[in-house]
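For reference, the structure is listed below as structure tokens.
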Amino acid sequence: MKAGRFMKNDVILNKISVIERCIKRIHEEYENNPKNLENYTKQDSMILNLQRACEASIDLAMHMVAQKKLGLPQNSRDAFSLLEQHGIITPFLSQKMKAMVGFRNIAVHDYQEINLTILQKILDHHLTDFTEFTKAILFYEQ
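Per this note's numbering, residue 371 is the first one in the sequence shown, and the count goes up by one each step.
Okay, here's the thing in structure tokens:
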């Protein structure tokens with residue numbers, strides 16, 4: 371029983387570590403300077419790390435839903451809805467994470483369609499959403 375609990379915690383901590391590393395890389399490339407979005411190499415790095423942070427957040431949400439037996443999500447957004455319905459994350463955080471899923475889908479499937487204004491808005495105002503999400507998961511797991 372104990373080994374299973376530690377393994378589950380390892381999955382959670384691993385996903386949180388991935389998210390934190392991605393956010394750190396984004397900060398290193400962006401440097402709170404919108405001019406850095408004009409550099410395609412920096413832009414690619416920021417988008418890729420944002421995509422990875424989104425995917426790790428989705429993985430973490432899916433893991434929590436499965437671990438806690440909260441239901442069967444039909445898609446990535448459903449996992450955040452189930453976490454919200456069970457009081458693990460707030461409705462506002464759920465909404466923000468679902469919006470990130472939308473950005474991730476564009477990044478993966480329609481890369482050339484990424485709107486730099488939206489990317490800048492995410493970089494300036496929404497990177498903390500990931501930290502808020504990981505803190506909510508850690509708080510729930512205490």
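Backbone N, C-alpha and C fix where the C-beta goes; we use that ideal spot for every residue, glycine too. Keep in mind the model is a prediction, meaning the values are calculated, not measured.
Option in the options with minimal Cα separation from residue i
i, options, result
"F450", "A506, N379, L489, V381", "A506"
"D480", "S387, Q421, T501, A431", "Q421"
"I484", "M416, H397, R447, L508", "M416"
"R474", "S464, N403, L418, N409", "L418"
"N403", "V435, F462, L489, Q444", "L489"
"N409", "T504, F503, L486", "L486"
Own chain residues within Cβ distance below 6 Å of residue i, not counting five before or after
i, result
"M470", "C424"
"Q413", "L407"
"R395", "N419"
"H315", "No statement about residue 315 is possible, as the shown extent of the chain runs from 371 to 512 and does not include it."
"Y510", "I458"
Residue i - DSSP class collapsed to helix/strand/coil
i, result
"E401", "coil"
"N406", "helix"
"Q512", "coil"
Same chain only: Cβ atoms within 8 Å of residue i, ignoring 5 sequence neighbours per side
i, result
"H456", "K438, L440"
Own chain residues within Cβ distance below 7 Å of residue i, not counting five before or after
i, result
"F500", "I389, I393, A423, S427"
"H496", "K466"
"Y400", "N406, M416, L493"
Beta carbon proximity, residue i to chain B, threshold 7 Å
i, result
"S387", "Note that chain B does not occur in the displayed structure, where there is just one protein chain."
Checklist line | Secondary structure, beta strand (DSSP E): runs of 3+ residues fully inside the stretch 415 to 497 | finding: none
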